[in-house]
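Data first, discussion second: the structure below is written as C-alpha cells.
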Amino acid sequence: MNGQAESRGLNYQFVGDAELEIVFSGDWKVGAALPDMSGVLQQLDSRAVRQVRLLAGNLGEWDSRFLTQLTKIIDRGKERGLPVDTTELPGHVQELLRLAYAVPERAGARRDEKRIPMLAQFGSSVLEIFEDFKGFVEFVGEATLSVGAWLMGRARFRRVDLLQVVQECGAMAFPIVSLISVLVGLILAFVGAVQLQMFGAQVYIADLVGLGMAREMGALMTAIIVSGRTGAAFAAQLGTMNVNDEIDALKVMGISTFDFLVLPRMLALISMMPILCLYSILMGILGGAIVATSVFDISLTEYVNETLRAVHVRHFIIGLCKGAVFGVLIAIAGCMRGLQCGRSASAVGSAATSAVVTSIVLIVVSDAVMTLILNRLHL
Amino acid sequence: MYMANAVDNGPEPCIVVNDLTMAFGSFLIQEDLNFKVNRGDIFIVMGGSGCGKSTLLRHMIGLQRPAKGDVFYGTRSLWQGTASEREQILRNTGILFQSGALWSSMTLAENIVLPLGEFSDLSQAEMREIASLKLALVGLAGFEDYYPSEISGGMQKRAGLARAMALDPDILYFDEPSAGLDPISAKLLDDLILSLRDSLGATIVVVSHELASIFAIANDSIFLDSESKTMIAAGDPKKLLAETDDPRVLNFLTRGHPKSRLATPTESGSSFA
Numbered sequence: 001m002n003g004q005a006e007s008r009g010l011n012y013q014f015v016g017d018a019e020l021e022i023v024f025s026g027d028w029k030v031g032a033a034l035p036d037m038s039g040v041l042q043q044l045d046s047r048a049v050r051q052v053r054l055l056a057g058n059l060g061e062w063d064s065r066f067l068t069q070l071t072k073i074i075d076r077g078k079e080r081g082l083p084v085d086t087t088e089l090p091g092h093v094q095e096l097l098r099l100a101y102a103v104p105e106r107a108g109a110r111r112d113e114k115r116i117p118m119l120a121q122f123g124s125s126v127l128e129i130f131e132d133f134k135g136f137v138e139f140v141g142e143a144t145l146s147v148g149a150w151l152m153g154r155a156r157f158r159r160v161d162l163l164q165v166v167q168e169c170g171a172m173a174f175p176i177v178s179l180i181s182v183l184v185g186l187i188l189a190f191v192g193a194v195q196l197q198m199f200g201a202q203v204y205i206a207d208l209v210g211l212g213m214a215r216e217m218g219a220l221m222t223a224i225i226v227s228g229r230t231g232a233a234f235a236a237q238l239g240t241m242n243v244n245d246e247i248d249a250l251k252v253m254g255i256s257t258f259d260f261l262v263l264p265r266m267l268a269l270i271s272m273m274p275i276l277c278l279y280s281i282l283m284g285i286l287g288g289a290i291v292a293t294s295v296f297d298i299s300l301t302e303y304v305n306e307t308l309r310a311v312h313v314r315h316f317i318i319g320l321c322k323g324a325v326f327g328v329l330i331a332i333a334g335c336m337r338g339l340q341c342g343r344s345a346s347a348v349g350s351a352a353t354s355a356v357v358t359s360i361v362l363i364v365v366s367d368a369v370m371t372l373i374l375n376r377l378h379l
Numbered sequence: 001m002y003m004a005n006a007v008d009n010g011p012e013p014c015i016v017v018n019d020l021t022m023a024f025g026s027f028l029i030q031e032d033l034n035f036k037v038n039r040g041d042i043f044i045v046m047g048g049s050g051c052g053k054s055t056l057l058r059h060m061i062g063l064q065r066p067a068k069g070d071v072f073y074g075t076r077s078l079w080q081g082t083a084s085e086r087e088q089i090l091r092n093t094g095i096l097f098q099s100g101a102l103w104s105s106m107t108l109a110e111n112i113v114l115p116l117g118e119f120s121d122l123s124q125a126e127m128r129e130i131a132s133l134k135l136a137l138v139g140l141a142g143f144e145d146y147y148p149s150e151i152s153g154g155m156q157k158r159a160g161l162a163r164a165m166a167l168d169p170d171i172l173y174f175d176e177p178s179a180g181l182d183p184i185s186a187k188l189l190d191d192l193i194l195s196l197r198d199s200l201g202a203t204i205v206v207v208s209h210e211l212a213s214i215f216a217i218a219n220d221s222i223f224l225d226s227e228s229k230t231m232i233a234a235g236d237p238k239k240l241l242a243e244t245d246d247p248r249v250l251n252f253l254t255r256g257h258p259k260s261r262l263a264t265p266t267e268s269g270s271s272f273a
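Below, the structure is given as C-alpha cells:
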C-alpha cells in the first residue's frame with residue numbers, strides 16, 4: 001500500500017513501511033489556490049502509518065494559512081498517537097508551531113454550542129420575566145423609601161443636579177413638544193372634521209381636539225417624547241457611571257444611589273411632566289384651531305368659545321395627573337435600566353433601548369388602566 | 001474563628017479576612033482565604049491576571065457578599081451586620097478604583113466635597129479649602145475646577161486618591177494603582193503611597209501585579225493563585241523572593257526567570273520600572 005498522490009504543492013509518500021512523508025512546495029498563503037488536504041488526512045488514519053515527517057521541499061511564500069494546514073495534520077497525528085516530525089520545516093514555521101502548542105488548551109475553556117430545547121428556552125424566558133418583574137418591584141420599593149426619606153428631610157442630593165435635570169428634561173424639551181403637539185392637534189382636527197362635515201357639525205372639531213388633547217393625547221405624546229429624550233438619557237448616564245465604577249464609588253462612600261441619583265431625576269420629571277403636558281395640550285388646541293379656521297371656515301372666536309364650553313378644568317387636571325404618573329414611570333424605567341446595566345459599551349446601548357421600551361410599555365398600560373378607572377368613575 | 005486577644009503584644013491586626021470564599025453563582029474564584037492586615041502596613045494582594053485580586057477587594061469593601069466566611073475590621077464583622085452597620089465600618093476607609101472612578105458630572109473639587117458634605121458639618125468654604133489641600137497633596141493644585149474628562153489618566157488616578165483621602169480614612173485601598181501609568185508617574189504614585197502611610201499612619205491595601213511597585217512599597221502580602229484557587233504564599237514580598245520554594249510564586253516574583261533570584265529585589269524591580 002505504497003500510496004502516492006501528487007498535486008500542486010502537496011506530495012506525500014511512504015518511506016519504508018511505516019513513515020509517511022509529506023512534502024509542501026509552492027505558495028501557501030491567502031489568495032493562493034491550496035491543494036486538497038483530505039487525501040493526506042485520510043492517509044493519517046490508515047493503520048500502516050507509524051510516524052509522520054513534514055518536509056518543505058521548495059516552499060514559496062507562506063502565511064497563517066500554511067500553519068493552519070500544518071496544525072490540522074499535527075492535531076490529527078496527536079489524536080492517533082503518531083509522532084509528527086517538524087524539524088525539517090523552515091525555522092520560522094517551527095518557532096510559530098512551538099508557540100501555538102506552548103500553552104496547552106485549558107480544559108473547559110472552549111465553549112461548545114449547546115442546543116437548548118425549545119421548552120427549556122421558553123421556560124427560562126418566563127423565569128427571566130419574573131426576575132425582571134421582581135427587580136421592578138424592588139426598585140419601586142426602594143424609590144418609595146427614598147421619596148419618604150426626602151419628605152422627612154433625610155435624603156441628600158445636590159441641588160445643582162436636580163436643576164440640571166429639570167433644565168435638561170423640561171426647558172429643553174419645549175421645541176420638540178411644540179412641534180409634535182401642534183401636528184397631533186392638526187391631525188386630530190382633520191380626522192374628526194371629515195366625519196363631522198357630513199353632518200355640518202364642523203364646529204365640534206373644537207370639542208374633539210380639546211377633549212382629545214386634554215384627556216389623552218397631550219399626556220401620551222409628551223410621555224413618549226420624554227421617554228425617548230430623557231428616559232434613554234437617564235439609562236445611558238447611569239449605565240456609563242456603572243461601567244466607570246462611579247456607582248461603586250458612591251456605594252463605598254455610603255452615599256445612597258437612590259437618594260443621590262434616582263431621586264433628583266424622579267423629582268425633576270414629576271415636576272416637569274405636568275408643565276410639559278399643559279403646554280402640549282395648549283399647542284394641540286392651537287393646531288386644531290389652525291385647521292378649523294383655515295380649512296373649515298370656523299372663526300377663531302367661535303373655535304375658542306366652543307373649546308371653553310366643552311373642555312372643563314377637570315379634563316385638564318386629568319391630563320396633568322396622567323402626565324405626572326407617566327413622569328414617575330419614565331424616571332423609574334430609565335434609572336432602573338441604567339442601574340441594572342452591565343459593564344460594557346454595548347450594555348449601555350441596550351440599557352438605553354430597554355429603558356425606552358420599558359417606559360413606553362408602562363405608559364400605555366397605565367394609561368389604559370387610568371382611562372378605564374376614570375370611565376367607571378364617570379369623570 | 002478570629003479572637004481579638006489571640007496575639008499578645010504582636011502587631012495590631014486592623015483587617016482580618018476569615019475563611020473567605022468568593023464565587024459567582026457556582027463559579028468558584030478563590031476559597032479559604034485567611035489573612036490579617038496589620039495597622040500601618042502596606043499590604044499587597046498579588047497574583048496573575050484574572051485570579052480574583054480585584055474581586056477580593058470588592059469583598060473587603062462591601063461591594064460583594066462572600067459565598068462563605070467574613071471580613072473583620074478590628075473586631076467588627078463586615079458581613080454579619082446590617083447594611084447601615086457596614087456603611088458605618090466602611091466610613092473609615094477610602095478606595096482608589098482602578099479607573100479612578102471620579103464622578104464625571106462634577107469637577108475635581110466637587111468630587112472631594114461630596115463625601116465631606118455627606119459626613120461632616122463643615123461650611124462650603126471650609127470644605128472647598130480641604131478639597132484644595134487634598135488636591136495639592138497629590139500634586140494637582142490649581143485643578144479644582146477641571147472636570148475628570150479634561151485631565152489625563154494619571155491625573156485622574158491622583159484625583160481619585162485625593163477623593164479617597166477626603167475623610168482622612170484610617171484604611172486606604174488601591175486597585176492596581178500603577179496600571180496604565182507611565183513608569184515615572186507610577187513611581188511618583190508609589191512614593192505618594194509611602195509618604196501617606198508615614199505621615200497619616202494609614203493602613204494601605206494595594207491590589208497589584210507590578211513587581212517594581214510591589215518591592216518598593218510592600219511590607220506584607222498574599223499571593224493568590226488562579227489554578228489552585230486559593231492563596232499559596234503570604235509575607236513580605238522581599239522575603240518571599242528570597243525564601244519561597246513554590247515555583248509559581250518564584251516565577252511571578254522573578255518575572256519568569258527563577259535563576260535571577262540572587263539579584264537584590266530592588267535591582268530586579270528597577271529593571272522594568
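Quick note, the sequences are listed as chains A and B, same order. The first sequence: position 298 = 298 (this note's numbering), numbered continuously. The second sequence: position 122 = 122 (this note's numbering), numbered continuously. Glycine included, every Cβ here is placed at the ideal spot set by N, Cα and C. Quick caveat: nothing in here was measured; it's all calculated off a predicted structure.
Contacts around A:Val182, its chain only, beta-carbon distance under 8 Å, and the 5 residues preceding and following it disregarded | Met283, Gly284, Leu286, Gly287 and Ile290.
Which of helix, strand or coil DSSP assigns to A:Trp150 | Here DSSP, grouped into helix, strand and coil, assigns A:Trp150 to helix.
In chain order, what residues of the segment 108-133 of chain A put their CB closer than 9 Å to some CB of chain B?
-> Taking 9 Å as the Cβ-Cβ cut-off against chain B, none of the residues of the segment 108-133 of chain A qualify.
Drop a sphere of 10 angstroms on the beta-carbon of A:His312, count the other beta-carbons inside from all chains shown, and report buried for 16 or more, exposed for fewer.
-> With a 10 Å radius around the Cβ and a threshold of 16 neighbouring Cβ atoms, A:His312 comes out exposed.
Reference A:Ile205; option with closest CA among A:Tyr303, A:Phe316 and A:Ser46 = Ranked by Cα distance from A:Ile205, the first of A:Tyr303, A:Phe316 and A:Ser46 is A:Tyr303.
Within-8 Å CB hit, B:Arg248 to chain A = Cβ-Cβ to chain A under 8 Å: no for B:Arg248.
So with Cβ pairs under 8 Å, would you call B:Phe24 a contact of chain A?
-> So no, B:Phe24 is outside the interface.
For B:Pro66, name the three-state secondary structure that DSSP assigns.
-> The three-state reading of DSSP puts B:Pro66 in coil, since its state is none of H, G, I, E or B.
State yes or no: is the beta carbon of A:Arg156 nearer than 8 Å to at least one beta carbon in chain B?
-> So yes, A:Arg156 belongs to the interface.
By how many angstroms is the C-alpha of A:Ser227 removed from the C-alpha of A:Cys335?
-> Our two residues, A:Cys335 and A:Ser227, have alpha carbons roughly 12 Å apart in a direct line.
Which whole runs of the alpha helix (DSSP H) in the segment 30-108 of chain B are 4 residues long or more, in chain order?
-> With a minimum length of 4 residues, the continuous alpha helix (DSSP H) runs that stay inside the segment 30-108 of chain B are 53-60 and 83-90.
Buried or exposed: which applies to A:Gly200, given that a residue is buried once 16 or more other Cβ atoms fall within 10 Å of its Cβ?
-> Taking a 10 Å sphere around the C-beta of A:Gly200, we find fewer than 16 other C-beta atoms and assign the residue as exposed.
Listed from N- to C-terminal order along the chain, which residues in the segment 253-269 of chain A have their beta-carbon within a distance smaller than 8 Å of any beta-carbon of chain B?
-> Listed in sequence order: Met253, Gly254 and Ile255.
Checking contacts by CB at 8 Å: is B:Leu189 closer than that to chain A?
-> By this cut-off, B:Leu189 is not an interface position.
Within-8 Å CB hit, B:Ala101 to chain A = So, interface residue.
With DSSP collapsed to three states, give me the class of A:Pro83.
-> Three-state DSSP puts A:Pro83 in coil, outside helix and strand.
Could you give the distance in angstroms between the alpha-carbon of A:Asn11 and the alpha-carbon of A:Ile22?
-> Cα to Cα, A:Asn11 sits roughly 6 Å from A:Ile22.
Shorter than 8 Å from the beta carbon of B:Arg91 to some beta carbon of chain A?
-> At least one beta carbon of chain A lies nearer than 8 Å to the beta carbon of B:Arg91.
Kindly confirm or deny that the segment 261-274 of chain A and the segment 365-373 of chain A touch, where touching means at least three C-beta pairs closer than 8 Å.
-> Result no; under three Cβ-Cβ pairs closer than 8 Å.
Can you tell which of A:Ser125, A:Ala109, A:Gly218 and A:Trp150 has the C-alpha that lies nearest to the C-alpha of A:Leu278?
-> Ranking A:Ser125, A:Ala109, A:Gly218 and A:Trp150 by Cα distance to A:Leu278 puts A:Gly218 first.
Just reading off the beta strand (DSSP E) that B:Val205 is part of, what are its end residues?
-> Thr203 to Val207 is the extent of the beta strand (DSSP E) around B:Val205.
Can at least three beta-carbon pairs, one atom from the segment 137-148 of chain B and one from the segment 105-116 of chain B, be found at a separation below 8 Å?
-> When Cβ pairs closer than 8 Å are counted between the two stretches, the segment 137-148 of chain B is seen to touch the segment 105-116 of chain B, the count reaching three or more.
N-terminal and C-terminal residue of the alpha helix (DSSP H) that A:Val356 is part of | It spans Ala345 to Arg376 - the alpha helix (DSSP H) in which A:Val356 sits, taken as one unbroken run.
With 8 Å as the threshold, decide whether the Cβ of B:Pro258 is near any Cβ in chain A.
-> Cβ-Cβ to chain A under 8 Å: no for B:Pro258.
Hey, does A:Asp85 have any beta-carbon neighbour from chain B nearer than 8 Å?
-> Chain B has no Cβ within less than 8 Å of the Cβ of A:Asp85.
Top-ranked residue by Cα proximity to A:Glu306, from A:Val203, A:Ile255 and A:Gly170 | The option with the nearest alpha carbon to A:Glu306 is A:Val203.
Buried/exposed call for A:His378, threshold 16 Cβ in 10 Å | Counting of Cβ neighbours within 10 angstroms places A:His378 among the exposed residues, the total staying below 16.
Host beta strand (DSSP E) of A:Asn58 (start-end) | Per DSSP, A:Asn58 is one residue of the beta strand (DSSP E) stretching across Gln51 to Trp62.
Residues near B:Arg58 by beta carbon distance below 7 Å, same chain, minus five either side = Cβ-Cβ distances below 7 Å link B:Arg58 to Gln64 in the same chain, with the five nearest sequence neighbours on each side left out; the list follows chain order.
First and last residue of the uninterrupted alpha helix (DSSP H) at A:Ala236 = Per DSSP, A:Ala236 belongs to the alpha helix (DSSP H) from Ala232 to Val243.
Which term fits B:Asp220, buried or exposed, when burial requires 16 or more other beta carbons within 10 angstroms of its beta carbon?
-> B:Asp220 should be labelled buried.
Residue interval of the alpha helix (DSSP H) (run including B:Leu211) | Segment Leu211 to Ile217, the alpha helix (DSSP H) holding B:Leu211.
Please go through the same chain and pick out, in chain order, the residues whose beta-carbon is closer than 8 Å to the beta-carbon of B:Lys68, but skip the five residues on each side of it.
-> For B:Lys68, where only same-chain residues beyond five positions count, the Cβ hits under 8 Å are Asp19, Leu20, Thr21 and Glu31.
Compare the beta carbon distance of B:Val45 and B:Val249 with 8 Å and say whether it is the shorter of the two.
-> Judged by beta-carbon spacing, B:Val249 lies beyond the 8 Å limit of B:Val45, meaning their Cβ atoms are not closer than that value.
Cut-off 6 Å between Cβ atoms - residues of its own chain near A:Thr358, not counting five sequence neighbours on either side | The beta carbon of A:Thr358 is closer than 6 Å to those of Ala333 in its chain, skipping five residues each way along the sequence.
Alpha-carbon spacing of A:Val356 relative to B:Gly256, whole angstroms | Cα to Cα, the separation comes out at about 52 Å.
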